[in-house]
Structures are given as C-alpha cells and as structure tokens.
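So the protein sequences, as listed, match chains A and B.
Counting along the first sequence from 1, when you hit position 422 you're at 422 in the working numbering, and nothing is skipped either side.
Numbers in the working numbering are just positions in the second sequence, counted from 1, shifted up by 435.
Ideal Cβ placement from N, Cα and C applies to all residues, glycine included.
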Amino acid sequence: MSAPRGPLLLKDIDTPGLAGLETYRRIGGYATVTATLGRQTPGQCIEIVKASGLRGRGGAGFPTGLKWSFVPKGTERPKYVVCNADESEPGTFKDRELIEKNPHSLIEGMILAGWAIQSNAGYVYLRGEFGWLQEVLDQAIAEAYAAGLLGRDVAGTGFRFDLHTHLGAGAYICGEETALLSSLEGYRGQPRLKPPFPAVEGLYRCPTIVNNVETLVNVPHILGQGAAWYRQWGTEKSAGTKVFSVSGPVKRPGNHELPLGVPLRVLLEEHCGGMRHGLKLKAVIPGGSSVPPLTADLLDTPLDFESMNAAGTFLGSGGVIVIDEQTCMVDSLWNLMRFYTHESCGKCTPCREGTYWMTGILERLEHGQGRASDLDLLADLADNILGRSFCPLGDAAAMPVQGFLKHFRAEFEHHVAHRGCLANRRRDSRTGGPA
Amino acid sequence: MSGAPAPRAAPAGPVAWSAALQPKVDEALAHYPNRRSAILPLLWVAQREWGWLPPEVLRLVARTVELPDAEVFGVATFYTMFNLKPVGKYHLQVCMTLSCSLMGADRIFQHLSRKLGIGHGETTPDGRFTLRRVECLAACGGGPCLQVNEEKFHENLDEAAVNRLLETLK
C-alpha cells in the first residue's frame, strides 16, 4: 500500500470497502460508540471535546465543545444534531471525499454528538448537487440501522438515535447554519436573525447543534483516544489536523491532511508538488473564496487559525486556491463576485445590491472601461457591506475585494490606465457565469 | 445511474402520485415531525419522475404537504436545481467558478456550446441536451468539471474527454 495520505482523517480513507460497515468495524469503527454510550456521561463527553481544542472545520473555527455546552440541559423539548454537508464554499471539496469513502465515521460522530447533547434525532444536510452522494450515505445509514447502531436502542445501550439525510437543491446560502435550518424545514433558504443561536432555538425552534462534516468525523477519534492524544497534532489554540482542499495549477491538487500549524509552503511544495508547467505562483486564497488572498512572499505562514489571522486572512474551510502569475487578478475577482451575486439570497440590501454593483464595476474594469474613481468606489462598497449584511454572505463577498485591492491594486490601476488587461492570459473567462 | 427521464409535457389537469411513487412520498413525510419539511424531498421525487416541475406538479406537492400552492411555488423558485421549464434528457452543468476557471472551464463550455450548437440555458432541438453554466460544484481539485443530471461529477476535463463523454450520452 502507498503511504497514508494524512495522520488521522485521511489515514485509512483509501482502504478498499471502507464505505461498508464490515470494513469500517474491522479498523475499529463504532468501538467508540460502544465504549462511550452509557459509560461516559454526556457532560464528560462535552468536557473531553472542549479539552481537545477541536474547532469547527466549516470555516468559522468556533470551539466545538463550547458550542455543545450551550445546549440547555434537562429540557423536555426535542434536541437535534444537524450535520452541515452543504459544502459550497468555492475551493472546498473535502467533505465530499470524507462522506463518499467513509460514511460510517460521520454516522458514528453524529451518534456521539447526539449522546453528548442528549439528542435523539439527527439530519445530514447535503447540497443538491450531492444527490449521488446521498445514495452512498443512505446506504450506510440503512446498514447501521440493520446492525442496531441507529434507531431505538443504539448498540444495546437503550439510547435512541434516528438519522436521516436531506438534500438541498442548489443554494450556497444554505451553508450558513440558520439558512440551512430554514431549508431543512421546507422554507426558502434564507438566514434567520441571531440570537437566538441554534443551540438554544434551532431546528423547529428546538435546541440544535449544527456541525460540519469534518468536525464530526474527528469526534469518534477524540472520544475514543482522549483529548491529550488528539493534541499530539496542531498548536495550542489550533489543535488537531485539517484537511486542506487544494485547487489551481499545482502538480498534485486534491485533499491533503496535515497537522495544523504546518507552513503553507510545505503544503504547496511538498504535498502538492509545486506549480505545474513551470508556472510561478502569484497568490493563494487559503481558506475558501471568501477570505483575502496571500501573496507569494507570505508562503511561510503557518496554516492555523491564529497565524492566518495575523497575516490578514483566515484559515476558513481550508479550501486553498492557487493562482499563477499569468492569471489576471481583476478577472479572478470578477469571477468570484459573479458567484456572490448569483448566490445572494436577496434578503438584505447591502448584500443583494452591493454584490450586484461590485460585479458591474469589476466587469467594466476587466473590459478596459473602468474609471480611475472605480477603485475607491469598489473599496467603499466593500467597506459598507462588511459587518452590515444580515448574514456572513455579505462579509464573504466584501473580504476578497478588500484583500485583492490591498495586495494587487497596481493590476486594477493598470486596467484603468491602459484600458485593458495586464496579465498574459492563458484563458478567456469573458463568457461570464450563470445568468 | 442512467440519464433522467425525457421531460414530459406539462399535464393539462391535476396529477397524482403513482402507486410506484407513493412509498417514496410516504418515506419523505415520515422523516420529519411536520409535513412542510418534506417539500424539498417531494420536489426531488417529482422532478425525478417528470423531468421538470410543471405547475400542476407543484400543486400536487402543495396538496401533499397540506399548504397553499404559493408556499411551494415560493420554495421551488428559490433553488436553482429545480427545473421550472423542461430540460433535455442530459442536463450538462459546467462549473465556471474560480478554481475551474483557472484550469480552463471556459474552454470546456465553449467547446460544448460549439459542438452542440446551443448556448447557456438552451436545449438541442432533439431534446437530448441542455447546457448550463453553474457555480462551484465542490470538485475544485478536479477542475474543469461538469455534472450530468444528478450523477457523480466528471472531472479533469479537456476537449477529448468531453467528446468521449458525449459519445456515452445517447
């Protein structure tokens, strides 16, 4: 067998047959369920997850154990565990592989999360384009029911946990947790005001935790092996490993799992083999399309939450988009802004109108019809959206604009001064995005 | 998985779930504590059956979840994957977002457009193909990529791979 692809989550991921219950059990799967349910109190489980330092892997990096501890105890109302498998942040494609190849680890993680907050029901919300993946997960869920690992008496412990999948239908906004809950309840996928936070008032206005796929598949390892064991990877504040999804013109794009805190350069040069075709790296968007880019001189920045913040960006979802020197940054930002304009849910004015205006300005800049005042106008729009939209989608559209202008302002100015594009383009993306 | 059913014409009068579909409908309703939550699953059941969602089918879903028609129309129009107009037997959805664009998504789209003689959102006269630009599919490391109907993504495409793919879609 070839070398393991990562220290923890991707270690056994290419094991043939892992998606089946028998193989998953052979490598120790569901052992943590048996060892935990009825043997560790829910409070103990939450304390272990807190001590492990696990932070949400969907993008925000919120401490998972702390989130769980916000769920009210002793309430008579139902509680829910919801897995966010909407995976729609451009540049991110890790949850897809984690579910496709190892669905039972997600099921196990959800059972354990259910035990920790004393919830008896869970849903996995999959993005609409994952209909084929829903079949994989539904089959694993059916296997788990048949083996008594789901249902009214999980592993003979008397604990009840039911689990279903729910397929979205094409909407980036449904990755935002309150929009996801709206969609799960059968509404248009629009966000809700916070507070109340889902832990207090979530699905069907009942206490709910919403966790990303990668977050949940860490849980069986943490509760099985302990917080100290888990902390062998990562840094003090960014514990554990992270699956980085790398895209763009590198030699080995794909999912690479590394301990948090490893420099970006190691990921790109050692694990991804460097750039293709002798291209030179110009910029890296390190945490999904919503975060500001890093320039080539910042490649030694460690991949952890704090170091990325210090470098002026975010670890986000770990979706690493590599941009080469022949690519136009105005064109790239225009591409991203079309995405946010298309995906804005229309609920609030700063996001609905702001993304539309920013796309228009970027379109005319890219076509050599921009004005000198457009750069300040673009910056002003981004500044006014940031922090003023109803949900984080507006921020997600504003932050790349600020970052691109900060690091690559000369390219934008060149488009105005020379009425055209600076980069020697290998491609033409002027056909635009979805109407 | 095979291709989606060829889209049927919009029914003139009220439609009903067939006996073959009823278990899927019942299962969708059983997964949630209220009927409303079954709207999205039922729209999927309907779209897989009819190929698209004509108004009479939306009304059927509304009757099933016991809500006003407008509630279901409102939901169906929000999500991009619900087809409110007929689409071809093979719905080719080409990702155009940054990672795929960096790797040549535009070339792929233009190649398909030339080869099929249709543009974004258009369907070939024989009803076989609909071509559409879509936003990020979560296959960025395998860009350029496209999705046919609801099937698993086709990744790392070039013109030759697209030609081979089209050969399989009869």
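Please report whether the beta-carbon of residue 452 of chain B lies at a distance below 9 Å from any beta-carbon of chain A. Under the Cβ distance rule, residue 452 of chain B does not count among the residues neighbouring chain A, no pair being separated by less than 9 Å.
What first and last residue would you give for the beta strand (DSSP E) that runs through residue 258 of chain A? Start and end: 254 to 259.
By the DSSP assignment, the beta strand (DSSP E) with residue 84 of chain A in it spans what residues? Note, residue 84 of chain A: beta strand (DSSP E), 80 to 85.
Locate the alpha helix (DSSP H) running through residue 107 of chain A, then write down its first and last residues. First-last of the alpha helix (DSSP H) with residue 107 of chain A: 103 to 117.
Quick one, which residues of the stretch 309 to 327 of chain A are near chain B if we go by CB-CB under 9 Å, in chain order? Per Cβ criterion, the list reads 319, 321, 322, 323, 324, 327.
Just the chain A side, please: which residues come within less than 7 Å of residue 466 of chain B by C-beta, in chain order? Taking the beta carbon of residue 466 of chain B as reference, the chain A residues within 7 Å of it are 164, listed in sequence order.
8 Å Cβ cut-off: residues of chain B touching residue 342 of chain A: Residues of chain B with a Cβ closer than 8 Å to the Cβ of residue 342 of chain A are, in chain order, 570.
When you compare only the Cα positions, how much space is there between residue 611 of chain B and residue 558 of chain B? Any question about residue 611 of chain B goes unanswered here, given that chain B covers just 436 to 605.
If you measure from the beta carbon of residue 178 of chain A to each beta carbon in chain B, is any gap under 9 Å? The beta carbon of residue 178 of chain A sits no closer than 9 Å to any beta carbon of chain B.
Give a yes or no on whether the minimum CB-CB distance between residue 547 of chain B and chain A is below 9 Å. No, no contact with chain A.
Please list the partners that residue 88 of chain A has in chain B, where partner means a Cβ-to-Cβ separation under 8 Å. Contact of residue 88 of chain A with chain B by beta-carbon distance below 8 Å involves 571, 573.
Run through chain B and tell me which residues come within less than 8 Å of residue 189 of chain A, C-beta to C-beta. Those are 513, 514, listed as they occur along chain B.
Contacts of residue 339 of chain A in chain B (Cβ-Cβ under 9 Å): The answer, in chain order, is 531, 532, 533, 570, 571.
Taking 9 Å as the threshold (beta carbon to beta carbon), is residue 587 of chain B in contact with chain A? It does; some Cβ of chain A falls within 9 Å.
What are the residues that DSSP puts in a beta bridge with residue 338 of chain A? DSSP lists no partner for residue 338 of chain A.
Residue 172 of chain A CB to nearest chain B CB: under 9 Å? Output row for residue 172 of chain A: interface = yes.
Using 10 angstroms around the beta-carbon of residue 418 of chain A, count the other beta-carbons present and answer buried if the total reaches 16, otherwise exposed. With fewer than 16 other Cβ atoms from the protein chains shown falling within 10 Å of its own Cβ, residue 418 of chain A counts as exposed.
Listing by chain order, which chain B residues have their CB less than 9 Å from the CB of residue 289 of chain A? Per Cβ cutoff of 9 Å: 532, 533, 534, 571.
Are the beta-carbon atoms belonging to residue 328 of chain A and residue 340 of chain A less than 9 Å from one another? No, they are not a contact pair.
Tell me which residues of the stretch 200 to 232 of chain A have at least one Cβ-Cβ distance to chain B shorter than 8 Å, keeping chain order. Listed in chain order, the positions of the stretch 200 to 232 of chain A with a beta carbon within less than 8 Å of a beta carbon of chain B are 204.
Determine whether the beta carbon atoms of residue 488 of chain B and residue 517 of chain B lie at a separation below 9 Å. In this structure, residue 517 of chain B lies closer than 9 Å to residue 488 of chain B by Cβ.
Can you tell me which of A:398, A:162, A:82, A:125 puts its alpha carbon nearest to the alpha carbon of residue 141 of chain A? Taking each of A:398, A:162, A:82, A:125 in turn and checking the Cα distance to residue 141 of chain A, the smallest one comes out for A:162.
Are the C-beta atoms of residue 49 of chain A and some chain B residue less than 9 Å apart? The beta-carbon of residue 49 of chain A is placed no less than 9 Å from the nearest beta-carbon of chain B.
At which residues does the beta strand (DSSP E) containing residue 564 of chain B begin and terminate? 564 to 569 is the extent of the beta strand (DSSP E) around residue 564 of chain B.
Looking at C-alpha atoms only, which residue of B:445, B:591, B:477 is the closest neighbour of residue 458 of chain B? Among B:445, B:591, B:477, the Cα nearest to that of residue 458 of chain B belongs to B:477.
To the nearest angstrom, how far is it from the Cα of residue 601 of chain B to the Cα of residue 525 of chain B? If I take the Cα positions, the gap works out to 10 Å.
Output needed for residue 427 of chain A: all residues of its chain with C-beta closer than 7 Å, excluding positions within five of it in sequence on either side, in chain order. Interpretation of residue 427 of chain A is limited by its pLDDT of 48, a score under 50 that renders its predicted location unreliable; no figure is taken from the coordinates.
Roughly how many angstroms lie between the CA atoms of residue 240 of chain A and residue 105 of chain A, to the nearest whole one? Cα-Cα distance, rounded: 17 Å.
Which residues, in chain order, does the stretch 143 to 169 of chain A contribute to contact with chain B at a C-beta distance below 8 Å? Correct list: 164, 166, 167, 168, 169.
Selection from B:446, B:508, B:552, B:575 that minimises the alpha carbon distance to residue 323 of chain A: Per the Cα distances, B:575.
Any C-beta of chain A under 9 Å from that of residue 471 of chain B: At least one CB of chain A lies nearer than 9 Å to the CB of residue 471 of chain B.
Can you give the Cα-Cα distance for residue 394 of chain A and residue 92 of chain A, rounded to whole angstroms? Put simply, the backbone Cα of residue 394 of chain A is about 19 Å away from that of residue 92 of chain A.
Excluding the five sequence neighbours on either side, which residues of its own chain have a C-beta within less than 7 Å of the C-beta of residue 64 of chain A, listed in chain order? Sequence-distant Cβ neighbours of residue 64 of chain A in its own chain, meaning closer than 7 Å and more than five residues away, are 49, 54, 55, 56, 211, 215.
Can you list the residues of chain A that residue 474 of chain B reaches, using a CB-CB cut of under 7 Å? Within 7 Å Cβ-Cβ: 186.
Please state the DSSP three-state secondary structure of residue 530 of chain B. Reduced to three states, the DSSP call for residue 530 of chain B is strand.
Contact defined as beta carbons within less than 8 Å: I believe residue 81 of chain A pairs with residue 46 of chain A. What is the distance between those atoms, to the nearest angstrom? Not a contact, Cβ separation roughly 13 Å.
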